[in-house]
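Quick note, the sequences are listed as chains A and B, same order.
The first sequence maps to residues 0 to 377 in numbering that gives the first Met the number 0.
The second sequence maps to residues 0 to 141 in numbering that gives the first Met the number 0.
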Amino acid sequence: MNLLLAFTSLQNGLMQFPTDIQTILSLVFYLVFILFIFYGQRIQMYVMIREVEGSLYRLKYIKDEGRKTAVETIKEIGKPQTDPTARVDRFLEYFTIAPQNLDPAGIVWKLEHILDIRDDRLKDEVKLMAPAANETQTNNLENTLEAAMALNYIYKIIRHFYLLGKKTLSLYVIMQLQMILPLIMREAEAYASALKAFAYGQPIGDGAGALVAAKLMHGHEIRKLPKDCVGATVQIEGRTAFVIKAEGPGGNVGKPGDAIKTVIDENGGKINMVIMIDAAMKLEGEGVGEVAEGVGAAIGGPGVDQFKIEDSILEYHIPINAVIIKEDIGDAVSPMRKEIYESVDKAIERMKQLILERTKEGDKVIIAGIGNTIGVAQ
Amino acid sequence: MSKNAASNATTKVSPFVLLIIILTLVLSLTALIIALSMFSAPAPDYNAVITAGWLTLIGALGLVISTYVLLQARRRTQEKIATPPTLTTVECTKCGFKNVREFQRGDYIFKEAEKCEKCGNPTQIAAIYREVKEGHKERYRF
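Next comes the structure, spelled out in structure tokens:
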């Protein structure tokens, strides 16, 4: 009874605010209104800064985990005499300066030279850090360190703009950062999941093309091709197919441009078709592992190999076709998803169909499986 | 290093903020207790009921806000990188018997693996993949 009375009184009391409370409330309302007129943008900026700060914490955690994984893997596999932490820290700060492009003529060869030097330097560093690692493990460690390096770089760039925005209190610096952050976080999370894959030597989504080539050449005589690539001659539907991929199972992309050029030259340019199979970036809304077909050199990276392949096929007017397996950035660098693995057989079917439709019996075809061949032998 | 990383991940909520949250929580609970005792008084007068009502409102609001902030802060401190399990399919080269097991370091596709459970012949790793369980899949019209 008491409670019922109290509830009714409370209801009436809350409906009829005392006049002094009403005055206080309207005063608070006006104060908040004026505050938002003058400081609205600043408040918005502080909210954005807080949001960026939260992501930066996550990035720092991911970066530290990357460094930790790299150091632990080196210690476990490489059995170094001394603690490799200092050397890993130095490695994470490595940079590469792209060649000057004021006069673009010949820039591809300059870029290739710089990339070769970088690759050799990184490999030497890994060998010094992990003396007990074999060739495959060295390649895997190099990939692990490169993922850690990428995470370190992303963290530093975001931290730079965050601090710059805080120092200058510029809404536009902070706003740009906050707007692009979801995409950057996606990439960082992708590299984070790549770390484990590289450290353990698991096949990654990017290796779908290499897996197609591996399935085709498995059981046939394998020969080495330049540089860090392997090849096999396989009979497919009465055609002679020269199958090429990077040498596995270590983390390696090889130089398919050089390998394709070698095979074309060996056959005096008498190649009827080149088919390239690679993992490609899917658009939102497309399914993971969808297979599509087109023309052109399907190969990513800095562009040196694409240039070389285009140059080689142009010399002999060889038609080039591409079969791609769609996936997003996260799937490309993390352990291979089941959908991608299953799409490999679909890609092989599509490629065989292409050979049947576009070539005659007795023709010669080059099939290049592009991508990082980590965890995929031949 | 790992200790540093762990401490960085867990000391994101400053002790000062944590103190304010706990203080708000305590004050809110006190307000609620006072309000309850005022409501349950034998003959509450009109003003006491109004005060108790305001105390309930303020207490409940404080309780909700501080709990929310505390949960949010806790959630942010539990950083981890999700790594779904990777599976290895081992296939017998003779009888085709397939065995799926967890990935082991050193596994790679086409590597010779353990002997076949069925026929004792050598097996080969046929596939290494991870299965992604799509939780809540958003539906789009396009």
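All residues carry an ideal CB built from backbone N, CA and C; glycine is no exception.
According to DSSP, residues forming a beta bridge with Lys-110 (chain B): Paired residues: none, contrary to the question.
Contacts around Phe-197 (chain A), its chain only, beta-carbon distance under 7 Å, and the 5 residues preceding and following it disregarded: Asn-139, Asn-142, Thr-143, Ala-146, Gly-250 and Ile-373
Tell me which same chain residues have a C-beta within less than 7 Å of the C-beta of Thr-84 (chain A), skipping the five on either side of it? Val-70
Would you please verify whether the beta carbon of Ala-126 (chain B) is less than 8 Å from any beta carbon of chain A? yes
Is the separation between the beta-carbon of Ile-319 (chain A) and that of Gly-295 (chain A) shorter than 8 Å? yes
For Ala-125 (chain B), I'd like the list of residues in its chain whose CB is within less than 6 Å of its CB, leaving aside the five on either flank, ordered along the chain. Thr-88 and Glu-90
Going by C-alpha distance, which of A:Ala-207, A:Gln-305 and A:Gln-377 is nearest Tyr-340 (chain A)? A:Ala-207
Hey, which unbroken runs of the beta strand (DSSP E) at 3 residues or more fall wholly within the stretch 13–83 of chain B? none
Do you know how far the Cα of Ser-333 (chain A) is from the Cα of Tyr-315 (chain A)? 38 Å
For the 8 Å Cβ check, are there 3 or more pairs between the stretch 356–367 of chain A and the stretch 227–243 of chain A? yes
Consult DSSP for Tyr-199 (chain A) and reduce its assignment to one of helix, strand or coil. helix
Alpha carbon to alpha carbon, how far is Phe-38 (chain B) from Val-25 (chain B)? 20 Å
For Thr-85 (chain B), which residues in chain A fall below 7 Å Cβ to Cβ? Gln-201 and Pro-334
At least one CB of chain A closer than 8 Å to the CB of Tyr-107 (chain B): is that the case? yes
Taking all protein chains shown into account, do 16 or more other C-beta atoms lie within 10 angstroms of the C-beta of Thr-10 (chain B), making it buried, or fewer, making it exposed? Model confidence at Thr-10 (chain B) stands at a pLDDT of 48, short of 50, so the residue's coordinates are unreliable; what they give is reported in the following sentence. With fewer than 16 Cβ atoms within 10 Å of its Cβ, Thr-10 (chain B) is classed as exposed.
Where Gly-120 (chain A) sits in the DSSP three-state scheme: One point to set straight first is that residue 120 (chain A) is Arg, not Gly, in the sequence displayed. In the structure shown, Arg-120 (chain A) sits in a helix (DSSP, three-state: H, G or I).
Does the beta carbon of Ile-369 (chain A) sit closer than 8 Å to a beta carbon anywhere in chain B? no
Exposed or buried, what is Cys-118 (chain B) when buried is set at 16 or more other beta-carbons lying within 10 Å of its beta-carbon? exposed
Of all the beta strand (DSSP E) runs that stay within the bounds of the stretch 233–313 of chain A, which reach a length of 3 or more residues? 238–245, 272–280 and 290–294
Using the C-alpha atoms, what's the distance from Gly-61 (chain B) back to Glu-289 (chain A)? 52 Å
Going by alpha carbons, who is nearest to Ala-245 (chain A) out of A:Cys-228, A:Ala-258, A:Ile-259 and A:Thr-68? A:Cys-228
Is Val-375 (chain A) close to chain B, meaning its C-beta is less than 8 Å from at least one C-beta of that chain? yes
Is the Cβ of Glu-141 (chain A) closer than 8 Å to any Cβ of chain B? no
Would you decide whether Gly-52 (chain B) is buried or exposed? Buried here means 16 or more other CB atoms lie within 10 Å of its CB. buried
Check the Cβ-Cβ distances between Pro-121 (chain B) and every residue of chain A, and say whether any is below 8 Å. no
Any C-beta of chain A sitting closer than 8 Å to the C-beta of Phe-102 (chain B)? yes
Quick one: Cα of Tyr-128 (chain B) to Cα of Lys-337 (chain A), how far? 5 Å
Just checking my contact of Met-44 (chain A) with Leu-168 (chain A) at CB under 8 Å: how many whole Å lie between their CB atoms? 7 Å
Glu-356 (chain A) in three-state terms, based on DSSP: helix
Over what stretch of residues does the beta strand (DSSP E) that includes Gln-123 (chain B) continue unbroken? 121–129
Using a Cβ-Cβ cut-off of 8 Å, state whether Asn-159 (chain A) counts as contacting chain B. The sequence given here has His at residue 159 (chain A), not Asn. It does not: the Cβ of His-159 (chain A) has no partner Cβ on chain B nearer than 8 Å.
What is the residue span of the alpha helix (DSSP H) that Asn-151 (chain A) lies within? 134–167
Secondary structure at Ile-324 (chain A), three-state DSSP: helix, strand or coil? strand
Around the C-beta of Phe-102 (chain B), are 16 or more other C-beta atoms found within 10 angstroms, so that it is buried, or is it exposed? buried
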